[in-house]
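No gaps in the numbering here: position 170 of the sequence shown is 218 in my numbering, and each next residue is one more.
No residue lacks a Cβ here, since even glycine has one placed at the ideal position from N, Cα and C.
Just below is one structure, and these are the notes that go with it.
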Amino acid sequence: MPSFQPISFDNFFNVIDGKLTSTETTRRSVNPSTLKNNPDVPLSTIEDVDKAVQAAKKAAESWAQVSWEDRKKAVEGFASALEAQIDDFAALITREQGKPFPRAQLEMRTGVEWIREFCQLSLLETVIEDNSTRRISTRYTPLGVVAAIIPWNYPVHPLACGKIAPALLTGNVMILKPSPFTPYSNLKLAELGLQFFPPGVLQALSGDDRLGPWMTEHPDIDKIAFTGSIETGKKVMESCSKTLKRVTLELGGNDPAIVCADVDPAAIPTITGIAFDNAGQICCGIKRLYVHESVYDTVVATLLAVLPHLKLGDGFADGAFIPPLTNVQQFERVRELLSEVERTGLKLIAGSTKPTPGAGKYTGYFVAPTVIDNPPEDSKIVAEEQFGPVIPIIKWTDEEDVIKRANNTRYGLGASVWTQDIAQAERMASKLQAGTVWINSHAELGASYPFGGHKNSGLGVEWGIEGMKSYCNIQTKLVRSSPWDGKS
Ligand code: NAD
49 MPSFQPISFD NFFNVIDGKL TSTETTRRSV NPSTLKNNPD VPLSTIEDVD KAVQAAKKAA
109 ESWAQVSWED RKKAVEGFAS ALEAQIDDFA ALITREQGKP FPRAQLEMRT GVEWIREFCQ
169 LSLLETVIED NSTRRISTRY TPLGVVAAII PWNYPVHPLA CGKIAPALLT GNVMILKPSP
229 FTPYSNLKLA ELGLQFFPPG VLQALSGDDR LGPWMTEHPD IDKIAFTGSI ETGKKVMESC
289 SKTLKRVTLE LGGNDPAIVC ADVDPAAIPT ITGIAFDNAG QICCGIKRLY VHESVYDTVV
349 ATLLAVLPHL KLGDGFADGA FIPPLTNVQQ FERVRELLSE VERTGLKLIA GSTKPTPGAG
409 KYTGYFVAPT VIDNPPEDSK IVAEEQFGPV IPIIKWTDEE DVIKRANNTR YGLGASVWTQ
469 DIAQAERMAS KLQAGTVWIN SHAELGASYP FGGHKNSGLG VEWGIEGMKS YCNIQTKLVR
529 SSPWDGKS
C-alpha cells in the first residue's frame, strides 16, 4: 500500500502554508497543439506572495533544524509519490507545454531519478586545521527562503525537480513560481508535497508577469533560483541587488556543435535528434551546427534522410516527435527569424520559411523542422538563440577559425565536438568558452555534476555538490582550547 494519497488533476490551486488556496480572479493557458483553453489556475496577488513568504519564513526556522537524514526521507517519499503518478503528470505536461507524451513521461522519470540521486549527495564539514590549540572548520548552513522562478520548456524536470531537491535537502524552504504558460504541473508538485513536507516548506504560486518582480523585490526572500532568458535574468539581478538577495541565473544559450572530418557517421542522426528535440526549445540544445567542409555534403544527405522520420504533431498523436512551440510569443519570435531568413535570401536545405506547413492540417503553434544552408556568421539565425526547430548548418575548414567562430558570442552555455580522434576533441574542447563541453555528446545532463553558463548564459551553477552549495552560506568555525592572547 502506498503511504500517500494520489492527488486529483482536475482543479488547480496555489499551495500556501500547508493549504490549497484559490484566488478571486483566475487565468489559464492554452494547449499549444490545439489552441484550446487549459483549466483555470490562480492569479496570485501581492497579498498571496506576502502570505506565502510569511509561512516560508516560519517554516524555514524549523526545517533547518530537521536532521539531514529526516529531510532526505521526506524528499525520497516525495520522489516515490511522483513516480506513482508519472502518467498523470506527463499528460499535464503534454497539455500545457506540448511535448510528446512519451517525452513527457521521460521528463517525469528522469525527474524522479534525479531527486533520488540528489538524496545521495551530502555537504560535509571541512576541517581546515585541527591541533592542540585550535580547530578550524567550515560547514554549510541554509540560506532560508528560496523562490524558484521557472520557464516553460521543461516545467517539471530539470527545472523544478533540479531546484526543489537540492534546496530542501540543504534545509531551505521553497516557493515555486511556474511560468504563466506552464503553471499546471508545478502547482501539482507542491500539492503532492503537502503529504511529505511541513506547511510552508514547499509552496507554489501561479500568476502573471507581475508575480516574478514581487518575489525578487520581497525583503524576506533570501535567494532567487532563476532560469529563463538573459534579458529577464538581468532584471532579476538588478532587482535582487536592492535587498542583496543571493541569486543563481541559468540563462539562454546558442550552443555550437562542431562536427569534424572523421566524425562517426552514426553521430549525425543523434545530432539531428538533439537539435529538433522539444522543437528546439532546449536551453543547451544544438543551435549552430559547424560541419567540416569535407563531410558537409554527407552530413546534409544524412540529415535529409533523418528529418522525415521526425514527425510533427500533437503530443498525444502516435509517433509525434516535434511538438509545437509552447506559446504564441515563441511562435512569433521564430516566425520573425524565418522572415529574416527569407528577406536576406538565405538558402534552405529543408523545411520552410512559412511556419505552418500543410494549411489546415495543424491548428497549433507548429513550425516544420528547417535547416539553413551555410548562412553568414552575422546572420540572425546564427547570432541569436532561436529556441525553435530552425537551425543553421555552417561549413568550416580550419580548427582555430571554427573555435573562434564558436566562441564569438555573448552566450556560453554548452558546446560540443564530434570526432573519433579524442585527442583532437580534447584540444578543441579545452578552448571552447562554455559552462559544459561535450565530446561526442550534447545536452547530456546529470544530477551529480554542475551545470551553468559562462558569459551571458548565467551566473553560478546548479546540481552536483557545487549546486547544493549555492543554496547555502559557508560558515567558518574557529575553536580555541584556551583564550586567544590576540598576538599569535
Ligand atoms: P523568461 O525569462 O521570459 O521567463 C522565465 C521566468 O521568469 C518566467 O517564470 C517568467 O514569468 C518570469 N519573469 C518574467 N519577467 C520577470 C521579472 N521581471 N522578474 C522576475 N521574473 C520574471 O524566459 P522564458 O521565455 O520563459 O524561457 C526561455 C528562456 O529560458 C530561453 O532563453 C532559454 O534558453 C532559457 N532557459 C535556460 C535554461 C538553463 O538552464 N540555462 C533552461 C531552460 C530555459
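Practice item. Anything with a beta carbon under 6 Å from a heavy atom of the ligand NAD counts; list them all in chain order. Key: Ile-197, Ile-198, Pro-199, Trp-200, Asn-201, Lys-225, Ser-227, Pro-228, Asp-257, Gly-260, Pro-261, Thr-264, Thr-275, Gly-276, Ser-277, Thr-280, Lys-283, Val-284, Glu-298, Leu-299, Gly-300, Gly-301, Cys-331, Glu-433, Phe-435, Leu-461, Gly-501, Gly-506
Point to revise | Per-residue DSSP class, three states only, for Lys-67 | key: strand
**Study point:** For Arg-528 and Gly-534, the rounded distance between their alpha carbons
**Key:** 12 Å
Practice item. Enumerate in chain order the residues of its own chain whose CB-to-CB distance from Glu-514 is below 7 Å, with the five nearest sequence positions on each side excluded. Key: Pro-498
Check your understanding: Can you tell which of Asn-62, Ala-129, Val-78, Asn-79 has the C-alpha that lies nearest to the C-alpha of Thr-542?
Key -> Outside the displayed span of the chain (49 to 536) sits residue 542, for which this structure offers no information.
Check your understanding: Under 7 Å between the Cβ atoms of Ala-213 and Phe-137?
Key -> no
Review point. Contact check, Ile-198 vs Pro-226 under 8 Å by CB: the rounded distance?
Key: 5 Å
Check your understanding: Going by other Cβ atoms of all chains shown within 10 Å of its Cβ, with 16 needed for buried, is Ser-211 buried or exposed?
Key -> Here residue 211 is Lys; the residue named in the question, Ser, does not match the sequence. By the 10 Å Cβ count, Lys-211 comes out buried.
Review point. What is the DSSP secondary structure of Arg-336, reduced to helix, strand or coil?
Key: strand
Exercise for review: Kindly indicate which three-state DSSP category Trp-262 falls into: helix, strand or coil?
Suggested key: helix
Review point. Whose C-beta lies closer than 7 Å to the C-beta of Ala-122 among residues of the same chain, with five residues either side of it excluded?
Key: Phe-244, Phe-245
Review point. Within 10 angstroms of its Cβ, does Arg-391 collect 16 or more other Cβ (buried), or is it exposed?
Key: exposed
Practice item. Can you say whether Gly-2 is buried or exposed, counting buried as having 16 or more other CB atoms within 10 angstroms of its CB? Key: Residue 2 is absent from the structure shown; the chain starts at 49 and stops at 536.
Review point. Between Gly-301, Lys-293, Pro-356, which lies nearest to Pro-317 when the distance is taken from Cα to Cα?
Key: Pro-356
Review point. Buried or exposed: where does Trp-532 fall if 16 or more other Cβ atoms within 10 Å of its Cβ makes it buried?
Key: exposed
Review point. Under a Cβ-count criterion, where at least 16 other Cβ atoms within 10 Å of its own Cβ denotes burial, should Ile-439 be classed as buried or exposed?
Key: buried
Exercise for review: Determine the contact status of Ile-442 and Asn-456, defining contact as a CB-CB distance below 7 Å.
Suggested key: no
Check your understanding: Do Ala-129 and Phe-52 come within 7 Å of each other at the CB atom, strictly closer than that value?
Key -> yes
Exercise for review: Could you spell out the range, first to last residue, of the alpha helix (DSSP H) harbouring Phe-324?
Suggested key: 315-324
Exercise for review: Can you give me the Cβ contacts of Ala-407 inside the same chain, cut-off strictly under 6 Å, excluding the 5 residues immediately before and after it?
Suggested key: Its pLDDT being 41, under 50, Ala-407 is placed unreliably in this model, and the coordinates cannot settle the point.
Review point. Alpha carbon to alpha carbon, what distance is there between Thr-275 and Tyr-37?
Key: No answer is possible for residue 37: it lies beyond the span of the chain, which begins at 49 and ends at 536.
Point to revise | Close beta carbons around Glu-177, own chain, < 8 Å, minus the five adjacent residues each side | key: Arg-183, Ile-184
Exercise for review: Compute the beta-carbon to beta-carbon distance between Ile-141 and Ser-233, rounded to the nearest angstrom, for a pair I have assumed lies under 8 Å.
Suggested key: 5 Å
Review point. Alpha carbon to alpha carbon, how far is Pro-90 from Lys-290?
Key: 28 Å
Point to revise | Coil, strand or helix - Lys-225 by DSSP | key: strand
Point to revise | Cβ-based neighbour list, Leu-358, same chain, cut-off 8 Å, excluding 5 preceding and 5 following | key: Thr-320, Gly-321, Phe-324, Phe-369, Ile-370, Pro-417
Check your understanding: From this set, Glu-239, Tyr-459, Ala-495, Trp-486, which residue's C-alpha is nearest Ser-505's C-alpha?
Key -> Tyr-459
Review point. Apart from the five residues just before and just after Glu-388, which ones in its own chain have a Cβ nearer than 6 Å to its Cβ?
Key: Lys-428
Check your understanding: If you draw a straight line from the alpha carbon of Pro-405 to that of Ala-112, how long is it in whole angstroms?
Key -> Note that Pro-405 has pLDDT 47, beneath the 50 cutoff, so the model's placement of it is unreliable and the number below is only indicative. Between Pro-405 and Ala-112, the C-alpha separation is close to 54 Å.
Review point. Taking the runs of the beta strand (DSSP E) that are 3 residues or longer, which of them lie wholly in the segment 251-310?
Key: 271-275, 294-298, 304-307
Check your understanding: Along the chain, which unbroken stretches of the alpha helix (DSSP H) at least 4 residues long are found entirely within the segment 128-204?
Key -> 134-145, 149-168
Review point. Between the segment 95-103 and the segment 256-268, do at least 3 Cβ pairs fall closer than 8 Å?
Key: yes
Review point. At what residues does the alpha helix (DSSP H) containing Lys-105 begin and finish?
Key: 94-113
Point to revise | Member of Leu-259, Ala-315, Leu-237, Asn-79 whose CA lies at the smallest distance from the CA of Ile-94 | key: Leu-259
Point to revise | Expected contact under 8 Å - CB spacing of Leu-207 and Ala-252 to nearest Å | key: About 13 Å separates the two Cβ atoms, so there is no contact after all.
Point to revise | Simplified DSSP assignment, three categories, for Ile-330 | key: coil
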